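Numbering (our numbering), first residue to last: 57 to 210. All C-beta atoms, glycine included, are put in the ideal place defined by N, C-alpha and C. Source: prediction; values computed, not measured.
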Amino acid sequence: MTKVLSPVDLAEIHRTLALFAHVFDNGDVAGLDLVFTEDVVVEIGVGPARAFRGIAEFAEYTRGKSAATPDHHTLNTTVEVDEHGQVQARSRYIGINPAGRLTGGEFLDILRRTPAGWRIAYRSSLPRAPRQAGAGVVKAEFPLPVRLSEVVAP
Numbered sequence: 057m058t059k060v061l062s063p064v065d066l067a068e069i070h071r072t073l074a075l076f077a078h079v080f081d082n083g084d085v086a087g088l089d090l091v092f093t094e095d096v097v098v099e100i101g102v103g104p105a106r107a108f109r110g111i112a113e114f115a116e117y118t119r120g121k122s123a124a125t126p127d128h129h130t131l132n133t134t135v136e137v138d139e140h141g142q143v144q145a146r147s148r149y150i151g152i153n154p155a156g157r158l159t160g161g162e163f164l165d166i167l168r169r170t171p172a173g174w175r176i177a178y179r180s181s182l183p184r185a186p187r188q189a190g191a192g193v194v195k196a197e198f199p200l201p202v203r204l205s206e207v208v209a210p
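Here it is, written out as structure tokens:
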């Protein structure tokens with residue numbers, strides 16, 4: 057049986073996903089706990105190219121990010137409860153760098169309800185654009201075929 061999320065849960069999940077851009081892009085390290093669980097795993101790129109285990113490790117990345125890091129805009133979010141009862145979200149993002157060039161991709165998230173509200177426990181950030189002419193788009197399986205217990209930081 058598929059669990060249906062309440063309108064309040066969905067609104068809180070969307071708020072958490074939207075907060076990422078505000079917190080990360082503004083370098084608000086103290087605000088990362090409004091978005092992520094303490095044991096979050098964030099994977100960026102195909103492979104992944106970079107992985108961060110735990111909010112402290114992602115906070116260091118946030119502190120050291122380049123001034124050329126794009127501003128993020130999260131949109132077209134869908135939220136599902138998978139067969140294991142995990143809440144997953146798939147969002148598109150648009151990034152605008154300081155020169156006005158656009159990047160884009162997908163955020164694939166597993167969320168957990170905490171006493172403080174809904175937080176991202178796992179995030180995969182996959183680029184879609186720019187890409188070389190003729191290159192295919194990275195395809196991601198959704199819902200993610202992993203269990204949260206398999207991916208969160210130890």
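Nearest to residue i by alpha carbon, out of the options?
i, options, result
"E99", "R169, E162, R175, W174", "E162"
"P183", "A105, L167, A124, I176", "A105"
"G83", "H128, T93, G103", "H128"
"S122", "A112, V135, N153", "N153"
"A185", "R71, R157, L66, T170", "R157"
"S62", "R169, A177, A196, F198", "R169"
"P199", "G160, G141, G173", "G141"
"S180", "E139, E197, R71", "E197"
"F92", "A177, R119, A107", "A177"
With which residues is residue i paired in a DSSP beta bridge?
i, result
"P126", "Bridge partners of P126: none, in fact."
"V135", "A145"
"R119", "None, per the DSSP bridge assignment."
Could you have a look at residue i and say whether DSSP puts it in helix, strand or coil?
i, result
"P210", "The predicted position of P210 is uncertain, since its pLDDT is 44 and thus under 50; a value taken from the coordinates is nonetheless stated next. P210 falls in the coil class under three-state DSSP."
"P183", "strand"
"V64", "helix"
"G156", "coil"
"R203", "coil"
"G101", "coil"
"V91", "coil"
"A172", "coil"
"D165", "strand"
Just to confirm my understanding: we take residue i, look at its own chain, exclude 5 residues before and 5 after, and list those with CB closer than 7 Å. What are they?
i, result
"M57", "With a pLDDT of 41 at M57, under the threshold of 50, the modelled position of this residue cannot be trusted; read the value that follows with caution. Nothing meets the Cβ criterion."
For the beta strand (DSSP E) that residue i lies in, which residues bound it at each end?
i, result
"F108", "106-109"
"F198", "Run containing F198: none; DSSP gives neither H nor E here."
Cutting at 6 Å between CB atoms, please list the residues of its own chain near residue i, excluding the five before and the five after it.
i, result
"A115", "V85, L88"
"V194", "V102, L182"
Can you list, in chain order, the residues of its chain whose CB lies under 8 Å from that of residue i, leaving out five sequence neighbours each side?
i, result
"T130", "L73, A74, F76, A77, S147, R148, Y149, F163"
"V60", "V137"
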